[in-house]
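Just below is one structure, and these are the notes that go with it.
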Amino acid sequence: MFHVLSQSLSSPTATLSQARQAHALILKLNLFSDTHLTTTLLTLYANTLSLSTPQLSLTLSSHLPHPTLFSFSSLIQAFARSSHFPHVLTTFSHLAPRGLASDAFLLPTTIKSCAILRALNQGQQVHAFAVASGFVSDSIVASSLIQMYLKCDRIVAARKLFDRMPERDVVVWSAMIAGYSRLGLVDEARGLFGEMRSCGVEPNLVTWNGMLAGFGNNGLYDEAVGMFRVMLLEGFWPDGSTVSCVLPSVGCLEDAVMGAQVHGYVTKQGLICDKFVVSAMLDMYGKCGCVKEMSRVFDEVEEMEIGSLNAFLTGLSRNGMVDAALEVFNRLKDQRMELNVVTWTSVIASCSQNGKDFEALELFRDMQAYGVEPNAVTIPSLIPACGNISALTHGKEIHCFSLRRGIFDDVYVGSALIDMYAKCGRIQLSRRCFDNMLAPNLVSWNAVISGYAMHGKAKETMEMFRMMQQSGQKPDSITFTCILSACAQNGLTEEGWHYYNNMSKEHGIEPKMEHYACMVTLLSRVGKLEEAYSMIKEMPFEPDACVWGALLSSCRVHNNLSLGEIAAEKLFPLEPANPGNYVLLSNIYASKGLWDEENRIREMMKSKGLRKNPGYSWIEVGHKVHMLLAGDQSHPQMKDILEKLDKLNMEMKKSGYLPKTNFVLQDVEEQDKEQILCGHSEKLAVVLGLLNTSPGQPLQVIKNLRICDDCHAVIKAISRLEGREIYIRDTNRFHHIKDGVCSCGDFW
Numbered sequence: 001m002f003h004v005l006s007q008s009l010s011s012p013t014a015t016l017s018q019a020r021q022a023h024a025l026i027l028k029l030n031l032f033s034d035t036h037l038t039t040t041l042l043t044l045y046a047n048t049l050s051l052s053t054p055q056l057s058l059t060l061s062s063h064l065p066h067p068t069l070f071s072f073s074s075l076i077q078a079f080a081r082s083s084h085f086p087h088v089l090t091t092f093s094h095l096a097p098r099g100l101a102s103d104a105f106l107l108p109t110t111i112k113s114c115a116i117l118r119a120l121n122q123g124q125q126v127h128a129f130a131v132a133s134g135f136v137s138d139s140i141v142a143s144s145l146i147q148m149y150l151k152c153d154r155i156v157a158a159r160k161l162f163d164r165m166p167e168r169d170v171v172v173w174s175a176m177i178a179g180y181s182r183l184g185l186v187d188e189a190r191g192l193f194g195e196m197r198s199c200g201v202e203p204n205l206v207t208w209n210g211m212l213a214g215f216g217n218n219g220l221y222d223e224a225v226g227m228f229r230v231m232l233l234e235g236f237w238p239d240g241s242t243v244s245c246v247l248p249s250v251g252c253l254e255d256a257v258m259g260a261q262v263h264g265y266v267t268k269q270g271l272i273c274d275k276f277v278v279s280a281m282l283d284m285y286g287k288c289g290c291v292k293e294m295s296r297v298f299d300e301v302e303e304m305e306i307g308s309l310n311a312f313l314t315g316l317s318r319n320g321m322v323d324a325a326l327e328v329f330n331r332l333k334d335q336r337m338e339l340n341v342v343t344w345t346s347v348i349a350s351c352s353q354n355g356k357d358f359e360a361l362e363l364f365r366d367m368q369a370y371g372v373e374p375n376a377v378t379i380p381s382l383i384p385a386c387g388n389i390s391a392l393t394h395g396k397e398i399h400c401f402s403l404r405r406g407i408f409d410d411v412y413v414g415s416a417l418i419d420m421y422a423k424c425g426r427i428q429l430s431r432r433c434f435d436n437m438l439a440p441n442l443v444s445w446n447a448v449i450s451g452y453a454m455h456g457k458a459k460e461t462m463e464m465f466r467m468m469q470q471s472g473q474k475p476d477s478i479t480f481t482c483i484l485s486a487c488a489q490n491g492l493t494e495e496g497w498h499y500y501n502n503m504s505k506e507h508g509i510e511p512k513m514e515h516y517a518c519m520v521t522l523l524s525r526v527g528k529l530e531e532a533y534s535m536i537k538e539m540p541f542e543p544d545a546c547v548w549g550a551l552l553s554s555c556r557v558h559n560n561l562s563l564g565e566i567a568a569e570k571l572f573p574l575e576p577a578n579p580g581n582y583v584l585l586s587n588i589y590a591s592k593g594l595w596d597e598e599n600r601i602r603e604m605m606k607s608k609g610l611r612k613n614p615g616y617s618w619i620e621v622g623h624k625v626h627m628l629l630a631g632d633q634s635h636p637q638m639k640d641i642l643e644k645l646d647k648l649n650m651e652m653k654k655s656g657y658l659p660k661t662n663f664v665l666q667d668v669e670e671q672d673k674e675q676i677l678c679g680h681s682e683k684l685a686v687v688l689g690l691l692n693t694s695p696g697q698p699l700q701v702i703k704n705l706r707i708c709d710d711c712h713a714v715i716k717a718i719s720r721l722e723g724r725e726i727y728i729r730d731t732n733r734f735h736h737i738k739d740g741v742c743s744c745g746d747f748w
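Just so you know, we're using UniProt numbering here: the sequence shown kicks off at 1 and counts up by one.
Set out below in structure tokens:
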């Protein structure tokens, strides 16, 4: 019977059911005193992961009064094979209390478990034992310890061990070189690479691949591609891993020529069947903007793999081809391809980043319906869609979802929520999210500072910047863009100059295009147009459309024709397809009564096939976001909206309101001008909100263009007459309107 049991448990095909039957028989026959038989049973349990750590401890204590090193070794090796590394460390910790000492064969397995778990403290304890027992001189033990320290980012400790090794093979040399490369220590990696050859050890593909991957992952793309060229010159033939390591760097450098050469090599060597190579190739072409080549690689894939699909969808999104990405996604979904969380997140992010916010929210609902669990990457990809269309209700639901799933503490989820609440007009909730963050990073600080700037709260923006510095967080160029924007919105020229000058003097950040655009906006809005123009002429690089656009926009406000014409002449070749620049110049002509010039610009637009961007406004009512278009009559409640607007106009006129028809820059009758003003989308959206919400409930509207003076005056009057708090977000800023007063102080 003993012989039969031993053979049954030792069989490689033994199942959990057989193990349990044998276990019952051992108990019945009281055979637990046989160490070999009991160890074999426990090993089988460990291999099937049917024994938890507490059960293991209890079993060893109860049934193996004198377990041997073999007993522990068998269990530890079984747990390691099953990738149950915490059990490895727990089992190893039972050795000393039993008076047993590990040997040189068991230590590498334990050290490897420490490395995988990044368990530095346990690893150091094992290292101390290896030193005390003399096993540290064993090359395999020493190599395992070096790998452990490298995994735990302890490069100095790894190097000390490495330098003490009497004999070092290519494996340990490659590990050290890869460790330096991963940390971006280029000189050290290259120095060790040269020393390796001086010691008579020639590098292999693993050595080269470690350097390529390390440099690339650390953003050292030029160094990675440079080492790849050296590798080729020295006669090494890259394998699939090499290609997968270097292509991301080629893509980040947008070196399409180099990418095509690597593609040619891949084809000749037959590596196109490697799924990792295909994914890297798609990613590279996507980053290089080579959509045609990327699509060709995708179409040639015989058996579609999820990694390749994700890389292709990301590439399409990166190049603004969101419709194509949706078409591919829906086609493969309909073909019942198993799409993972990365796939869903990629297409959600694609929609959110390319103006398809409604589609992003719909995809999120579909994702959950398909049983795919969103993660800490999905949520910050989706949240911007809520902010873009001020879908506050949806945003709050996603916030609650992140709390339920325990991912709110993720710094990127928290930062996205800060931005979303700010864009939805709830700056207090935005600040609350920030205050609840355990360890805000630069992105978090910039999000809350940007939120205050967006709302025109210059004082709070500057206060947050002060707190940021006190916390030890260093600002970046985005931080200063936010601060200068806040100064521009409030006409704070003195403060603006202070931050602009200190940016380079105190923080070593040289002004970029966006900083010049903010300063031009600040100066020109307060009427210092000539000073703004002088600043543009003194820029160290060519001004872009943002800078000239800021000047032209202010020339329209101040009706400065001469500088307006200069700015427009610069803008037309920079943005030939942007109708807004033509409209601004034509409006300046119209405000001066130069109708011939105004008509000339409009004819120019017509000849180029350009039309003025229509005014859209969005408002969320309940769980639905409504979009209204200026002059459009298609909304089902339009009749009620216009009737309510007429009543409000009558009440406003009784209280002294007169339509600001001077902002209708068309050569038409005064009555027609009033009619045109009535059809502006933001007014329609506000009235729709009045009709469909409870009295006193705040309203929030988004406008895709700058709100006009008349709409601003009307909505202030409506807030007073209806007792409503109204938030308007246009392309420039937020307007908090309450009791007939706007937070912008009528300066925008």
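Where a beta carbon is used, it is the ideal one built from N, C-alpha and C, also for glycine.
Everything numeric in this text was worked out from a predicted model, so none of it was measured.
Secondary structure at L610: coil, using DSSP grouped into helix, strand and coil. In the three-state scheme derived from DSSP, where H, G and I count as helix and E and B as strand, E495 is classed as helix. In the three-state scheme derived from DSSP, where H, G and I count as helix and E and B as strand, W208 is classed as helix. Between the C-alpha atoms of L89 and S350 there is a straight-line separation of about 43 Å. Separation of N217 and D410 (C-alpha to C-alpha, rounded to the nearest whole angstrom) is 22 Å.
The DSSP-derived three-state label of Q368 is helix. For Q122, no pairing in a beta bridge is given by DSSP.
Residue environment analysis places T731 among the exposed positions, since fewer than 16 neighbouring C-beta atoms fall within 10 angstroms of its C-beta.
Under the three-state reduction of DSSP, K151 is assigned to helix.
DSSP lists I737 as the bridge partner or partners of C742. Taken through DSSP and simplified to helix, strand or coil, V520 comes out as helix.
Excluding sequence positions up to five before and after A280, its CB lies within less than 6 Å of the CB of S244, L247, all in the same chain and listed in chain order. Boundaries of the alpha helix (DSSP H) harbouring L645: 638-654, taken from the DSSP string. Exclusion of the five residues before and after V301 leaves V278, S308 as the residues of its chain whose Cβ lies within less than 8 Å of its Cβ. About 32 Å separates the beta carbons of A685 and W595, which is beyond the 8 Å limit, so they are not a contact pair. If only complete runs of 4 or more residues are kept, the stretch 257-312 shows the alpha helix (DSSP H) at 275-287, 291-300, in order along the chain.
With a beta-carbon spacing of about 10 Å, V341 and A376 fall beyond the 8 Å limit used to define contacts. Between I146 and F162, the C-beta spacing is below 8 Å. In summary, M467 is exposed, with fewer than 16 beta-carbon neighbours lying within 10 Å of its beta-carbon over all protein chains present. DSSP places V625 inside the beta strand (DSSP E), whose first and last residues are 624-629.
Between the alpha carbons of Y727 and S485 lies a distance of about 19 Å. For the pair M304 and M337, the CB atoms are nearer than the 8 Å cut-off.
Between G425 and S390 a beta carbon distance of about 7 Å is seen, short of the 8 Å cut, so the two are scored as contacting. Every alpha helix (DSSP H) of 4 residues or more that sits fully in the stretch 224-262 is shown, in chain order, as 240-252. Between V206 and M258, the CB-CB gap reaches or exceeds 8 Å.
Counting the other Cβ atoms within 10 Å of the Cβ of P543 gives 16 or more, which makes it buried. Taking 8 Å as the cut-off, the beta carbon of A532 is found no closer than this to the beta carbon of L552.
By DSSP's assignment, Y421 forms no beta bridge with any residue. Ranked by Cα distance from T481, the first of M454, Q470, G472, Q473 is M454.
Bridge partners of L699 according to DSSP: I726. In this structure D476 touches L442 by the C-beta definition: roughly 6 Å separates them, less than 8 Å. According to the DSSP assignment, I407 belongs to no alpha helix (DSSP H), since it is labelled neither H nor E.
Looking at M605, E510, L523, I483, the one whose alpha-carbon comes closest to that of G491 is L523.
Taken in chain order, the unbroken stretches of alpha helix (DSSP H) that lie wholly in the stretch 416-492 and span 4 residues or more are 427-435, 442-454, 458-471, 477-490. DSSP, read as helix, strand or coil, puts V621 in strand. Among the bridge pairs identified by DSSP, Y616 is matched with L629.
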